[in-house]
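For the sequence shown, this note's numbering begins at 66 and goes up steadily by one.
Input: a single structure, listed below in structure tokens.
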Amino acid sequence: MTAIQKIGVIGAGQMGNGIAHVCAASGFDVVLLDISDEALKKGLGVIEKNLGRAVSKGKLTEADKAATLSRIKTTTAYADFGDSDLVIEAATEDEKVKRLIFQQLCPVLKPEAHIASNTSSLSITRLGAATDRPAKFMGMHFMNPVPVMQLVELIRGIATSEETFSLVRDMTLTLKKQPVSAEDFPAFIVNRILLPMINEAVYTLYEGVGSVTCIDTAMKLGANHPMGPLELADFIGLDVCLAVMQVLHEGLADSKYRPCPLLVKYVEAGWLGRKTGRGFYDYTGETPVPTR
66 MTAIQKIGVI GAGQMGNGIA HVCAASGFDV VLLDISDEAL KKGLGVIEKN
116 LGRAVSKGKL TEADKAATLS RIKTTTAYAD FGDSDLVIEA ATEDEKVKRL
166 IFQQLCPVLK PEAHIASNTS SLSITRLGAA TDRPAKFMGM HFMNPVPVMQ
216 LVELIRGIAT SEETFSLVRD MTLTLKKQPV SAEDFPAFIV NRILLPMINE
266 AVYTLYEGVG SVTCIDTAMK LGANHPMGPL ELADFIGLDV CLAVMQVLHE
316 GLADSKYRPC PLLVKYVEAG WLGRKTGRGF YDYTGETPVP TR
């Protein structure tokens with residue numbers, strides 16, 4: 066195991082509970098924080114469900130499941146991160162929210178503790194500068210769903226030390242994940258390529274080139290993608306897709322990254338995909354139904 070022993074995770078949502086899951090399953094003690102006991106209960110429920118699925122498939126034993134869950138403690142108080150060696154922030158993709166989190170987090174950390182952000186697009190250099198330890202700060206972008214996806218993008222800010230990068234890389238390998246190093250440019254590697262493709266699929270729908278079903282079927286059968294781009298957008302969350310496109314558009318000042326007006330309209334309507342029951346598909350019935 067790496068020099069990191071105890072890990073804090075901020076956010077018990079889709080990404081945070083997945084990160085807590087894989088860390089605990091790899092033998093780390095985890096403290097999982099969210100703003101309410103209800104959010105924590107929901108996050109733990111997802112972890113328990115995913116572990117149970119692995120047991121039913123013969124990938125884990127009941128003892129493994131129990132041991133993993135026993136390593137996860139929950140809290141609503143930042144003070145409980147006092148003995149953490151690494152805290153991974155996995156809150157919403159909003160820079161203001163992340164900065165507020167770091168303001169509350171940094172005063173309670175021990176001096177040698179490291180911080181990583183699971184941001185999918187924001188500047189690591191700028192986020193690191195909002196902490197009291199930019200040399201001990203870096204990006205650690207997990208893919209969704211975390212227990213299944215093998216990749217973790219590791220991003221240095223301009224001030225990130227080599228020691229911090231090496232420590233987090235070793236810890237990533239302990240999680241049995243594959244780290245890749247990405248430079249601190251908007252959206253890094255995966256989302257720099259993936260989100261413009263999704264945005265172009267939304268433009269294709271917006272311009273009437275094809276229906277939701279035709280676009281997704283074309284990319285699954287024509288490009289051998291496991292999910293169509295609109296189905297994937299719903300899975301990621303249309304608000305997240307829009308946020309990444311806005312970061313790309315503003316950060317690179319190139320019109321090719323302009324978010325599709327239809328994507329903007331869906332987000333404004335609260336149609337964010339699977340998590341709200343409606344996006345490019347309607348999820349309120351037994352099977353998803355295209356909305357256009």
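We treat Cβ as the ideally placed atom computed from N, Cα and C, and that holds for glycine.
Can you tell me the Cβ-Cβ gap for residue i and residue j, rounded? I've got them flagged as a contact below 8 Å.
i, j, result
"THR190", "SER91", "So it is not a contact: roughly 29 Å between Cβ atoms."
"VAL74", "ILE84", "5 Å"
"MET205", "ALA181", "4 Å"
"VAL309", "LEU260", "5 Å"
Have a look at residue i and residue j and give me their C-alpha separation to the nearest angstrom.
i, j, result
"MET66", "ASP150", "Unreliable placement is indicated for MET66, whose pLDDT of 40 sits below 50; the coordinate value is still reported in the next sentence. Rounded to the nearest angstrom, the two C-alpha atoms are 13 Å apart."
"MET236", "PRO244", "10 Å"
"ALA298", "THR229", "33 Å"
"ASP129", "MET214", "20 Å"
"LYS330", "ARG164", "28 Å"
"SER320", "HIS314", "7 Å"
"ALA119", "PRO212", "10 Å"
"ALA89", "ALA155", "16 Å"
"PHE300", "ARG339", "6 Å"
Would you mind working out which of the options sits nearest residue i, comparing C-alpha positions?
i, options, result
"ASN82", "HIS179, VAL173, MET208 and SER188", "MET208"
"TYR143", "GLN168, LEU125 and GLY123", "GLN168"
"ARG136", "SER185, THR157, GLU113 and LYS122", "GLU113"
"GLY147", "GLY123, LEU125 and PRO172", "PRO172"
"LYS201", "SER186, VAL152 and ARG164", "VAL152"
"LEU307", "GLN79, TRP336 and LYS106", "TRP336"
"GLN79", "SER121, LEU134 and ASN183", "ASN183"
"LEU98", "PRO294, LYS138 and SER186", "LYS138"
"GLY293", "THR282, ALA132 and GLY302", "THR282"
"ALA288", "GLU333, MET262 and LEU219", "MET262"
Would DSSP call residue i helix, strand or coil?
i, result
"ASP94", "strand"
"VAL217", "strand"
"ASP319", "coil"
"ARG343", "strand"
"GLN311", "helix"
"GLY73", "strand"
"PHE146", "helix"
"MET66", "For MET66, the predicted model reports a pLDDT of 40, less than 50, meaning its position is unreliable; a value from the coordinates is still stated below. DSSP places MET66 in coil when its eight states are reduced to three."
"PHE202", "strand"
"SER186", "coil"
"LEU151", "strand"
Ends of the beta strand (DSSP E) at residue i?
i, result
"PRO244", "243–247"
Would you give the residue range spanned by the alpha helix (DSSP H) that residue i belongs to?
i, result
"LYS124", "Element bounds for LYS124: n/a, residue is neither H nor E."
"THR237", "227–239"
"ILE263", "255–271"
"ILE166", "160–170"
For residue i and chain C, any beta-carbon pair shorter than 9 Å?
i, result
"SER186", "As a matter of chain content, chain C is missing from the structure shown, which is built from one protein chain."
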